[in-house]
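Add 66 to a position in the sequence shown, counting from 1, and you land on the number used in the working numbering.
To start, the structure under review is shown below, and the notes come after it.
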Amino acid sequence: MTGMRGLEPLQVGLMFWTGGDLGFEATPDEIVESVSSLGVSCGQLGVHGNADLGPVSAAAWRSALESRDFRVVTAFTGFRGESYASIPICARTVGYVPADTREERERRTYEVSDFARDLGIPGLATHIGCLPSNPDAPDHLEVLGLVRRVCDHCAKNGQTFALETGQEPAAELLEFLRAVDRPNIGINFDPANMILYGSGEPLEALEALKDHLLTVHCKDGTWPETPGEWGRETPLGAGAVGMAGYVEALRGAGYTGPLTIEREIVGEEQRADIREAIGLLNSLRNLG
Ligand code: MG
67 MTGMRGLEPL
77 QVGLMFWTGG
87 DLGFEATPDE
97 IVESVSSLGV
107 SCGQLGVHGN
117 ADLGPVSAAA
127 WRSALESRDF
137 RVVTAFTGFR
147 GESYASIPIC
157 ARTVGYVPAD
167 TREERERRTY
177 EVSDFARDLG
187 IPGLATHIGC
197 LPSNPDAPDH
207 LEVLGLVRRV
217 CDHCAKNGQT
227 FALETGQEPA
237 AELLEFLRAV
247 DRPNIGINFD
257 PANMILYGSG
267 EPLEALEALK
277 DHLLTVHCKD
287 GTWPETPGEW
297 GRETPLGAGA
307 VGMAGYVEAL
317 RGAGYTGPLT
327 IEREIVGEEQ
337 RADIREAIGL
347 LNSLRNLG
């Protein structure tokens, strides 16, 4: 089986971010160099809410990626004002659920989609937020309509649109995907998020959602000690996901896209953990 557009099947990649937020000030060239130097040549680009999407910035990103033959498979859209400080704060601030920023974030999503198109990125993804589980709730219906419009915008740009998993149990997400009813909608499966949010066993969720897999994160973590609070993210292999079983399950689901490492800490420890994770995933993908 072949992988995604010129990539090897299950090629190991990295989730990384545009500069400007989180105290990391660097040019696109410096960022892509820093990522490449870890030994990966594909990944997902997180686009901060404050990231410059203008033509000069787009040209700089294009050049930084092309000069290293680095393939970005997804642009991950973040928004101004989001916070993951706790689950209740996440529910109030993340994605399309907060009504007061909904319109502005819809517009921003289109801008990121157009920016990604100019970089040749074939997919868009985001955390849509903690959707009210009642499908008749006004906020649920508003977000459903918005996601359909985002899918249609992405389709015009030749892109898929992936929902990050974790905030809700698989069954609810599945119901939402069916309600959206667009050919280019799917998921970016994050096994650790299922654990960190306490939303269900990741491998069971993967089985339920496997027909909708567009891309995946390789991330690990431990279950919440107190219901309603976050579990703890860990280095890959040190949490409750079970990486060998996860990679095997992805293979079983027919997934051939990249194994994109996500390690949500910063600094030298992050780079050390990423190096270890690359080694672990390369050994697991070679077992198949
Ligand atoms: Mg993730």
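Every residue, glycine too, gets a C-beta built ideally from N, C-alpha and C.
Check: residue i C-beta below 7 Å from any heavy atom of ligand 1
i    : result
H283 : yes
E234 : no
E299 : no
Y256 : The question names Tyr, but residue 256 is Asp in the sequence shown. Result yes, Cβ under 7 Å from ligand 1.
E241 : no
E99  : no
E148 : no
N259 : yes
E230 : yes
E91  : no
E291 : no
E328 : yes
Helix, strand or coil at residue i [DSSP, three-state]
i    : result
V113 : strand
G308 : coil
G85  : coil
E230 : strand
M67  : Because M67 sits at a pLDDT of 43, beneath the cut-off of 50, its placement in the model cannot be relied upon, and the point is left open.
V213 : helix
T322 : coil
T175 : helix
E328 : coil
E295 : coil
L316 : helix
L350 : helix
A182 : helix
L207 : helix
Y191 : The identity of residue 191 in the sequence shown is Ala, whereas the question assumes Tyr. Three-state DSSP puts A191 in a strand.
G79  : strand
R337 : helix
Beta-carbon separation (whole angstroms), residue i vs residue j, contact threshold 8 Å
i    : j    : result
P324 : V139 : 6 Å
R71  : P188 : 7 Å
I97  : G79  : Rounded, the Cβ-Cβ distance is 15 Å, inconsistent with contact.
Q225 : L190 : 5 Å
A306 : K285 : Actually they are not in contact, since the Cβ atoms of A306 and K285 sit about 11 Å apart, beyond 8 Å.
R137 : S107 : 7 Å
L269 : G303 : Going by Cβ atoms, the distance from L269 to G303 rounds to 15 Å, so no, they are not a contact pair.
E234 : S199 : 7 Å
I344 : L104 : 7 Å
F242 : L197 : 7 Å
G294 : I194 : That belief does not hold up - the Cβ atoms of G294 and I194 are roughly 20 Å apart, past 8 Å.
A236 : A271 : 4 Å
L346 : M309 : 6 Å
Test: residue i CB closer than 8 Å to a CB of chain D
i    : result
L275 : Structure shown: chain D not included; a single protein chain is present.
Beta strand (DSSP E) runs wholly inside the segment 240–292, at least 3 long, in chain order:
251–255, 279–284 and 286–288
Across the segment 284–291 and the segment 259–270, are there enough close Cβ pairs to call them in contact, namely three or more that are closer than 8 Å?
yes
Under 8 Å, with one C-beta from each stretch per pair, do the segment 196–207 and the segment 116–134 reach the 3-pair mark?
no
With three or more C-beta pairs closer than 8 Å as the rule, is the segment 141–149 touching the segment 165–178?
yes
Does the pairing of the segment 106–113 with the segment 152–167 give three or more beta-carbon distances under 8 Å?
Contact between the segment 106–113 and the segment 152–167 is absent, because fewer than three Cβ pairs lie under 8 Å.
Sequence ranges, alpha helix (DSSP H) only - wholly within the segment 98–167, length at least 4:
121–133 and 153–159
Contact between the segment 267–284 and the segment 219–236 is defined here as three or more beta-carbon pairs at a separation below 8 Å; is this criterion met?
yes
Can we say the segment 163–173 touches the segment 208–220, given the rule of at least three CB pairs closer than 8 Å?
yes
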